[in-house]
Amino acid sequence: ALNLIVSVIIFSIYGYILALVYYFYRKGRKRRILHLIVSLLIGLAFVNFLKILVNRERPYVMYEDIKHVLIKPDPSFPSAHSFTALLCFYFLPKDFPRWLKLLLTIYLVFLIPIGSMYIGIHFPSDVLVGGALGFLFPKVVSESFSVKIFKKIFRLERF
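Numbered by the numbering used here, the letters in the sequence shown go through residues 17 to 175 in order.
Following this line, the structure appears as structure tokens:
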């Protein structure tokens with residue numbers, strides 16, 4: 017039962033992304049939405065490239081005694097969920113109440129990465145590297161770069 021609860025926590029990150037996009041939209045922060053989405057898409061492409069390059073099997077494949085809820089066919093390293101969680105942490109709105117920022121920090125920085133290890137789909141190094149990449153990627157893919165990419169793709173003059 018705990019494995020199932022942890023799995024739900026891990027996969028709820030996608031709902032959190034939608035809520036974050038909606039929040040930024042309501043605040044009129046379109047450029048912030050673009051920065052989040054472009055960083056996420058380019059970053060996940062990079063993470064998946066690394067997964068193919070390293071090709072590390074998941075812990076539950078290597079150690080048969082690990083009871084797992086999920087079967088993930090892709091390689092383990094680096095963790096895409098930890099990448100996504102820490103990328104979302106980077107975008108945590110500064111104007112959220114302190115208690116909410118604390119809860120979301122626990123959720124994004126601890127529950128998702130540790131949960132991935134608990135259910136046997138990642139090694140500690142998977143979540144550490146995935147998380148580090150997630151936190152650094154929005155700094156590499158700047159907001160202005162994200163807007164330029166969006167304008168080029170959709171051939172817009174202004175945004």
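Note that beta-carbon positions come from the ideal geometry of N, C-alpha and C, so glycine has one too.
The model shown is predicted, which means the values in this text are computed figures rather than measured ones.
Going straight from the alpha carbon of Ala101 to that of Phe151, what length do you get? 9 angstroms
Shortest alpha-carbon distance to Asp142 belongs to which of Cys104, Ser95, Phe105, Ile26? Ser95
For the alpha helix (DSSP H) containing Asn71, name the first residue and the last one. From DSSP, Asn71 is part of no alpha helix (DSSP H); its letter is neither H nor E.
Should Leu56 and Leu103 be called a contact, given that it needs their Cβ atoms to be closer than 8 angstroms? yes
How many Å lie between Val22 and Arg171 at the Cα? 42 angstroms
Helix, strand or coil, according to DSSP, for Ile128 in the structure here? helix
Cutoff 6 angstroms; reference His97; Cβ partners in own chain excluding five residues on either side: Ile26, Ile128, Ser132
Cα-Cα separation between Phe62 and Gly146, rounded to whole angstroms: 11 angstroms
On the criterion of 16 or more Cβ atoms from any shown chain inside 10 Å, does Val24 qualify as buried, or is it exposed? exposed
Starting from the Cα of Val163, find the closest Cα among Arg114, Leu52, Phe112 and give me that residue. Leu52
Tyr123 and Pro154 closer than 8 angstroms at C-beta: no
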